[in-house]
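Numbering (this note's numbering), first residue to last: 2 to 233. C-beta: ideal position from N, C-alpha, C; glycine also. In this text, all values refer to a predicted model and were calculated from it rather than measured experimentally.
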Ligand code: CA
């Protein structure tokens, strides 16, 4: 399998081993060395030699392409200084789309400011050149492990009732896949009901659990509003 693959061929490579990694790096020697090291470790590796090619990969995996399956990466290794679109802007774009894929930023600059800026735009880790392949692989493993643990926790904590799905960590609710706007109190009431699907609650118990014992009057007004909405 060639180490340098176009976005078109990447869509058809679904045989994931340890995970799919996109390496966006303009220095050929570094790019190919990283790709070789990760391939030998059992990862499926895709490479892009500049920011524009990196964007093509990211666009193809978001399903914007009219044909083929979307490519989903488990990890992105992103050089800071890239032709056309730099690593910081790519990182911002990925996070702007709400994608939480782990990003390891590479840079020849080792200053604290560069490291902080990289992390502030959404990178999960930062490695300064020159670095050894063993360190790079250790960082990749750690990032993937942390991300998978976090995904698992999110899946485990997700509450479902028929077509209602509640995501406690993200404070959001969907019905048939559509986002529903709830106030914080409404969210907590729904979370309480969905956490105890067979339990019957008295009004006093609900108020105490959601508002606390000192907010009776406010709570009762809000409860009536919520009950009214629920009936309509
Ligand atoms: Ca560079």
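- Ligand 1 has a heavy atom closer than 6 Å to the beta-carbon of residue 80.
- One thing to note: residue 88 has its Cβ within 7 Å of the Cβ of residue 80.
- 24 is the residue among 162, 135 and 24 whose C-alpha sits nearest the C-alpha of residue 83.
- In the three-state scheme derived from DSSP, where H, G and I count as helix and E and B as strand, residue 118 is classed as helix.
- Residue environment: residue 139 is assigned as exposed (fewer than 16 neighbouring CB atoms within 10 Å of its CB, all protein chains considered).
- The residues 109, in chain order, have a CB closer than 6 Å to that of residue 130 in the same chain once the five nearest residues on each side in sequence are set aside.
- Counting C-beta atoms within 10 angstroms of its own C-beta, residue 95 has 16 or more neighbours from the protein chains shown and is therefore classed as buried.
- DSSP places residue 162 in the strand class (E or B) of the three-state scheme.
- The C-alpha of residue 166 lies about 22 Å from the C-alpha of residue 148.
- Ranking 90, 164, 134 and 157 by CA distance to the CA of residue 124 puts 90 first.
- Beta-carbon to beta-carbon, residue 144 and residue 103 are separated by about 4 Å, close enough to satisfy the 8 Å threshold.
- In this structure, the straight-line span from the alpha carbon of residue 36 to that of residue 20 is close to 13 Å.
- Counting only the Cα atoms, residue 30 lies some 45 Å from residue 173.
- When the Cα atoms are used, residue 126 and residue 41 turn out to be separated by approximately 22 Å.
- Judged by DSSP secondary structure, residue 108 falls within the beta strand (DSSP E) whose first and last residues are 104-108.
- In the DSSP assignment, residue 94 falls within the unbroken alpha helix (DSSP H) covering 88-97.
- CA-to-CA, the gap between residue 178 and residue 210 works out to about 28 Å.
- Between residue 47 and residue 128, the alpha-carbon positions lie close to 19 Å from each other.
- Assigned with DSSP and collapsed to three states, residue 124 falls in coil, not helix or strand.
- The beta carbon of residue 195 is closer than 6 Å to those of 160, 162 and 167 in its chain, skipping five residues each way along the sequence.
- For residue 49, the beta-bridge partners assigned by DSSP are 25.
- For residue 76, the beta-bridge partners assigned by DSSP are 22.
- In the same chain as residue 122, and ignoring 5 residues on each side of it, the C-beta atoms closer than 6 Å to its own belong to 89, 92 and 93, in chain order.
- For residue 199, there is no enclosing alpha helix (DSSP H), as DSSP marks it with neither H nor E.
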